[in-house]
Amino acid sequence: MSHPAETTPGQLVAVDGLTLRYRRHTALAGVSFTAGEGVTGLLGPNGAGKTSLLRILATAMPPDAGTVRILDTDPLTTAGRLATRRRMGYLPQQPGFFPNFTAYEFIDYVAILKEITDRRQRRDETLRVLAAVGLSDDRGKRIKALSGGMRQRVALAAAIVGDPRVLILDEPTVGLDPEQRLRFRELIADLGEGRVVLLSTHQTEDVSALCHRVIVLDRGVVRFDGPPPQLTALAENRVWHSAERSPQAVAAWRTGVGTVRNIGVPPAAADLVPATLEDGYLLLLDPSAATEVAA
Amino acid sequence: MTGTSLAPAPTSRPPVTPRPRGAVSALFRIEAVRLLRHPAVLTGLLLYLALWAYEWGTGGLAHRYPVLQDEDRYSQVPLLLVAAGAFIASNLALTRAQRSGVAAVTDLLALAPWRRTLAQLLAPLPLAMLSGLLVGARVAHLAAAPGAVGRPSLLELATGPLIVLLAGVAGVAVGRLTSMVAVGPLVILGMAIFTLVGAVTLGRPMLKWWGLVAIEDEFEPPLPADLMHRPVTAHLVYLAACAAVCCAVALARSGVDRRIGVTAVGVTTVLAVVAGAGQSVTVPGDVAARRSVAEREPSAQQTCRTVDTVTYCAFRDFEGRIDQWSTLVGGMLRHTPPDRAADRYVVRQRLLFGATTSSVSISPPLAVWAADDARAGTPGAVPVGTKWGTDQIGGDAMLSFAGHFAARVVTGEPPTEASALSVCRSRAVLVLWLAATATEETTAALRSLLPRTGGSVVLPLLDSSLGLSIGRQEVSVVRSLLDRPADQVAQQVIANWAELTRPETGTERAASLLGTRVLGPAAEGARC
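Going down the list, the sequences are from chains A and B. To convert, count from 1 in the first sequence and add 975; that's our numbering. To convert, count from 1 in the second sequence and add 210; that's our numbering.
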């Protein structure tokens, strides 16, 4: 039995024992964690339960069991849900747009739905977030005329309008080219100052670059919760470069310089190289290495 | 990279105070403007204006004689175009979030879905008001026409805008039931068929009142406003109740408290059914009694005015028509000898109920009318109906009145069975020529009538069985006379008046006196 989640000073989001089932499939199996200001990364393979977890936190659906507390309110109650929604921004995995609206009109529309009713305040806020995501010059363009990256920025602007204390970003960099991803990293890093940002991603580089903390979810269970260097440390002394692939390696691939990067068991005549967060992540998720890592 | 810091707002910035009502109001403004700018609405408005402009541009309005208590309801049908636009636009606006996938975000924002729906239900209001302005402007335009008579009903004028509003909220309600785009056009098609069925089943008038627009049999002559019976108030209540049903359904589907939603849908549906059934089409007893008096003894309800030697008596709503009657009568008397033109004549407006709807031609109550004229001190009055105009209905009525007035001048008797029978041969030529040359419009009316009649002409008295029957030979003489200047023919008419008006003067003789000849044989079985 789980106890009600409580937030302590600095912990603005607290999740305890969250469970969610889709018929026979268990999406979340007793997930618990807390999060404070800054960017918290949520890593995990497809089907790990990341999106389900974020949708529960975003008040899109209730869990089957467990408790949630966000900014000292319980979003699973009617009153708490409304209070949470008033202080939260959510960028779903596949945000939709009104294609015939201009970027300005769309953000203005979202601002109204966030109950910013004063016309001047709404205009200022709309212009502010559009400037923040670098769309000031394109605010008059219809969304259907914008590129994929620009649309993603419109979606981020929609999430941050109203200056929410908690931001939930579900794979915001998917489909972006490297330059756009860099731009997004800058935006998200800025957003993490003074806010709780929960960032779901497949990109370990994003986590390394942005997050002060990372939670790894696998098959509905939290497999890791700590700072990124700690996840990287899981792979310390376990990454080698060699000429040949190690048959016992957890993962091995030929790099651009022609050597093979082996994670886990080293092959003969291998050179130990510094580990990355991705190495730690891969090692963590490998069933054969799981026991070893846990130990 | 970014021009503005994304750090949390400084504490000095005023926090957003939750104001759901203000958000509804702001959203309403945005949705209302988008609705007004929607291509479907703009198309409806443009078509409405195009119809009006076409009528104006082609001179149709210059030759119209609008009866405003009928024009008010005619304004409703063109507004169906705007209503269709409102339905499509509001339906698309409501389903926009679902269709574009934005609902994944907007459904999680602070403003509750039912409040968003409320804003969208309010959004068609400005369009309805704009429709009201359009209707008002059109009726004002018609009222400014020289031939306009009568007074429009505010309730009839309000019906069109209410239909637009109903269509708008219906679009929202349907959108709340399904986000399938194809449903909207299907609903419009269904409503169009229902309205059409209501229009073509005039024999069962109740059916049409369950639709949006209750179309009347436009062959019926216009009536004074106080003799009309259309359950307009009940229809407005019915339409408003239907709009309320749509609002209740839309809100119930948007997450309002289930009990409240179900109750609202139930109550408004009952209200709509009761209001629909309350649209009584049976003419109330007091209206029927007033109609009977107006048909048999109208003199007490009429106002008379004398122009030159002719006294015209009209129902109050039709007083403006006296100028047109006077112009027509003056045009005929100008072609008669001075002593006939100086005679005292009376024209009295008459109603004859059932003449156009009855399957059997009905006889006018001439004896009752004569008694009424005698009581009013206007014996021998020539009846004139309420139809007037240049189309096939109004133009024929105009020519018929001219014919009966001409017969009064030629025979010296008011219209009776006997006097109608006495208009034969030379008299028939003279009567038809006088009627046709009264104004340019009567000339045009005769030219329009002839292709439809096979050569002969019947000029009925107020659509009754009593009429002047002008044979083919007499008509042929008049046709040839119309090819000559009327003043030239008039000189011959005046010079030969005595012989032309004698009952026994033949058609060939009349033609000869007027400088023309008879073309073709007389029709078989001709009355004269």
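Using N, Cα and C, we set each Cβ at its ideal position, and we do this for glycine too.
{"Check": "Cα separation between A:Lys1025 and A:Asp1152?", "Outcome": "23 Å"}
{"Check": "Cutting at 6 Å between CB atoms, please list the residues of its own chain near B:Ala454, excluding the five before and the five after it.", "Outcome": "Thr478"}
{"Check": "Within 8 Å of any Cβ in chain B, is that where the Cβ of A:Ile1087 sits?", "Outcome": "yes"}
{"Check": "Going by Cα to Cα distance, which pick from A:Gln1127, A:Asp1254, A:Ala1250 and A:Arg1158 is closest to A:Leu1066?", "Outcome": "A:Gln1127"}
{"Check": "Just curious, the alpha helix (DSSP H) that B:Asp549 is in, first and last residue?", "Outcome": "Pro548 to Ala551"}
{"Check": "What residue ranges within the region 1092-1128 of chain A form continuous alpha helix (DSSP H) runs of no fewer than 4 residues, ordered along the chain?", "Outcome": "1094-1107"}
{"Check": "For B:Thr214 and A:Gln1155, I'd like the C-alpha separation in whole angstroms.", "Outcome": "Residue placement at B:Thr214 is flagged as unreliable, the pLDDT there being 47, under the threshold of 50; the coordinate-derived value follows with that caveat. Looking at the two C-alpha atoms, the distance is approximately 18 Å."}
{"Check": "Show which residues of chain B have a CB atom less than 7 Å away from the CB atom of A:Tyr1084.", "Outcome": "Ile240"}
{"Check": "Just the chain A side, please: which residues come within less than 7 Å of B:Arg229 by C-beta, in chain order?", "Outcome": "Glu1090 and Thr1092"}
{"Check": "At a CB-CB cut-off below 7 Å, which residues of chain B make contact with A:Phe1159?", "Outcome": "Result: empty, since nearest Cβ-Cβ is about 10 Å, beyond 7 Å."}
{"Check": "Who are the neighbours of B:Thr305 on chain A, taking C-beta pairs under 8 Å?", "Outcome": "The contacting residues do not exist; B:Thr305 stays about 12 Å from chain A at best."}
{"Check": "Tell me whether B:Trp598 is buried or exposed, calling it buried when 16 or more other Cβ atoms sit within 10 Å of its Cβ.", "Outcome": "buried"}
{"Check": "Is it buried or exposed for A:Lys1119, if we count other Cβ within 10 angstroms and need 16 for buried?", "Outcome": "exposed"}
{"Check": "Assuming A:Leu1192 is part of the beta strand (DSSP E), what are its boundary residues?", "Outcome": "Arg1188 to Asp1193"}
{"Check": "Does any residue of chain A bring its CB to less than 8 Å from the CB of B:Leu375?", "Outcome": "no"}
{"Check": "Return the chain-ordered list of same chain residues with a C-beta closer than 6 Å to the C-beta of A:Ser977, the five sequence neighbours on each side being excluded.", "Outcome": "With a pLDDT of 42 at A:Ser977, under the threshold of 50, the modelled position of that residue is not reliable, and the figure given next carries that caveat. Contacts found: Asp991, Gly992 and Gly1041."}
{"Check": "Measure the C-alpha to C-alpha separation of A:Phe1081 and A:Leu1057 and round it to an integer number of angstroms.", "Outcome": "22 Å"}
{"Check": "Should B:Val312 be flagged as near chain A, meaning a C-beta pair shorter than 8 Å?", "Outcome": "yes"}
{"Check": "From the beta carbon of B:Thr316, is the nearest beta carbon of chain A less than 8 Å away?", "Outcome": "yes"}
{"Check": "Just to check, is the beta-carbon of B:Gly495 closer than 7 Å to a non-hydrogen atom of the ligand COA?", "Outcome": "What this structure holds is no ligand at all, so the ligand COA is not there to describe."}
{"Check": "Less than 8 Å between C-beta atoms, sequence neighbours within five positions excluded: which residues of the same chain meet that for B:Thr521?", "Outcome": "Cys514, Arg515, Arg554, Tyr555, Val556, Val557 and Thr588"}
{"Check": "Less than 8 Å between C-beta atoms, sequence neighbours within five positions excluded: which residues of the same chain meet that for B:Thr506?", "Outcome": "The question names Thr, yet the displayed sequence has Arg at residue 506 of chain B. So the list reads Pro575, Val578, Trp579 and Asp582, once near-sequence residues are dropped."}
{"Check": "Mind checking the region 1028-1057 of chain A against chain B and listing, in chain order, the residues whose C-beta falls within less than 8 Å of any C-beta there?", "Outcome": "Ala1033, Thr1034, Ala1035 and Leu1057"}
{"Check": "Use the C-beta contact count for B:Leu194: other C-beta atoms within 10 angstroms, 16 or more gives buried, fewer gives exposed.", "Outcome": "Nothing about residue 194 of chain B can be read from this structure; chain B reaches only from 211 to 738."}
{"Check": "Keeping to the same chain, check which residues put their C-beta closer than 6 Å to that of B:Ser690; ignore five residues upstream and five downstream.", "Outcome": "Thr726"}
{"Check": "So which residues of chain B does A:Ala1226 contact, with C-beta pairs closer than 7 Å?", "Outcome": "Neighbours of A:Ala1226 on chain B: none; closest Cβ ~34 Å, over 7 Å."}
{"Check": "Could you tell me whether any Cβ in chain B is nearer than 8 Å to the Cβ of A:Phe1199?", "Outcome": "no"}
{"Check": "By Cβ distance, which residues of its chain are closer than 6 Å to A:Thr1234, with the 5 residues on each side in sequence left out?", "Outcome": "His1216"}
{"Check": "How should B:Ala250 be labelled, buried or exposed, when 16 other C-beta atoms within 10 angstroms of its C-beta is the threshold for buried?", "Outcome": "buried"}
{"Check": "Enumerated in chain order, which unbroken segments of the beta strand (DSSP E) with a length of 3 residues or greater are wholly contained in the region 645-724 of chain B?", "Outcome": "667-670 and 677-680"}
{"Check": "Cα-Cα, which of B:Tyr284, B:Pro713 and B:Arg325 is closest to B:Pro362?", "Outcome": "B:Tyr284"}
{"Check": "What would DSSP say about A:Arg1044, mapped onto helix, strand or coil?", "Outcome": "strand"}
{"Check": "Inspect the beta-carbon positions of B:Gly465 and B:Pro356 and report whether they are closer than 8 Å.", "Outcome": "no"}
{"Check": "Is the shortest distance between the beta-carbon of A:Gln1127 and the beta-carbons of chain B less than 8 Å?", "Outcome": "no"}
{"Check": "CA-CA distance, A:Gly1109 and A:Glu1161?", "Outcome": "11 Å"}
{"Check": "Rounded to the nearest angstrom, how far is the Cβ of A:Val1141 from that of A:Leu987, given a contact under 8 Å?", "Outcome": "7 Å"}
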